[in-house]
Amino acid sequence: MTETIFDAIASVSVFALPMMVAGIVEQRKIEKERRRKQLALYREMELETLKYETWAQAEKYYKTCQKEAVKNNLKRNPQQVDKENGRYARMVG
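Mapping to the working numbering: the sequence shown position 35 is 77, numbers consecutive.
Laid out in structure tokens, this is it:
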């Protein structure tokens, strides 16, 4: 009885453990890449802000960027909803 338990544990450690470790490594790599891109974006925003002489000008630029990001997001979301509704209709219908 105990041999089968040990065999099961050994087989899990041989097959499942390497896959789990590979998944964790891949996730960390993706997270590092996302963090690197985010820091590059922050640096770019800081350089843009340094171009302006006053804080008010920089704040106005930042607000404009935020408004544009929201506009772009609103443009993209209806298309995504239409695609999802179409996909759901094909699955159901």
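All residues carry an ideal CB built from backbone N, CA and C; glycine is no exception.
Cα-Cα separation between residue i and residue j, rounded to whole angstroms
| i | j | result |
| --- | --- | --- |
| residue 73 | residue 67 | 10 Å |
| residue 65 | residue 79 | 21 Å |
| residue 47 | residue 134 | 45 Å |
| residue 131 | residue 81 | 41 Å |
| residue 71 | residue 77 | 10 Å |
| residue 45 | residue 129 | 50 Å |
Close Cβ partners of residue i (< 8 Å) along its chain, the five nearest in sequence each way excluded
| i | result |
| --- | --- |
| residue 99 | none |
Contacts around residue i, its chain only, beta-carbon distance under 7 Å, and the 5 residues preceding and following it disregarded
| i | result |
| --- | --- |
| residue 52 | none |
| residue 49 | none |
Residue-chain proximity (residue i, chain D), Cβ-Cβ < 9 Å
| i | result |
| --- | --- |
| residue 129 | You won't find chain D in this structure, because it holds only one protein chain. |
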